[in-house]
Amino acid sequence: MSFTLPGDARSPFIGRTAVAAALEAHGLARYVWPATHVVDELVAVGVRNSPGKELYVSLRHRDDAVRMLVWDQHPRHDRPDVATLCETRRRRALWLLAAVVDDWGGEWGTGEAKPPWGGTKSWVQLPR
Numbered sequence: 010m011s012f013t014l015p016g017d018a019r020s021p022f023i024g025r026t027a028v029a030a031a032l033e034a035h036g037l038a039r040y041v042w043p044a045t046h047v048v049d050e051l052v053a054v055g056v057r058n059s060p061g062k063e064l065y066v067s068l069r070h071r072d073d074a075v076r077m078l079v080w081d082q083h084p085r086h087d088r089p090d091v092a093t094l095c096e097t098r099r100r101r102a103l104w105l106l107a108a109v110v111d112d113w114g115g116e117w118g119t120g121e122a123k124p125p126w127g128g129t130k131s132w133v134q135l136p137r
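Numbering-wise, the sequence shown is residues 10 to 137 according to the working numbering.
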């Protein structure tokens, strides 16, 4: 499932609701708790870093894992020191996500989205 969200304060709630409904509809209710926390955190940080700009959310179940990706339009910084500071702030803002993913034995990360899109992608994988 993929969808876009507006870059505003309502989007984390909309993302949580959509992800929960999709997981339950596909018989993956055991993932609802961690996945809704994950998408809430990723979307909230995306909105904070690119307010007013559209975000893209992807939810996939493959190879006995749930994968989520949120892409926001926050551009990479040209200066390495500013880029490092920005990445540090983003990771620090995702401390709750990190705890949930760690508890589930999953993985997560962030990085620059490839051209032509640009922006930042953040992803999570939760194993079965």
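For each residue, glycine too, the CB sits at the ideal point set by N, CA and C.
- Under the three-pair Cβ rule at 8 Å, the region 93-105 does not count as touching the region 16-26.
- The secondary-structure analysis by DSSP pairs Phe22 with nothing; it has no beta-bridge partner.
- Ser131 and Tyr65 have their C-alpha atoms roughly 11 Å apart.
- Put simply, of Asp72, Arg76, His46, Val54 the residue whose alpha carbon is nearest the alpha carbon of Arg98 is Val54.
- With a threshold of 16 other beta carbon atoms within 10 Å, Asp81 meets it and is buried.
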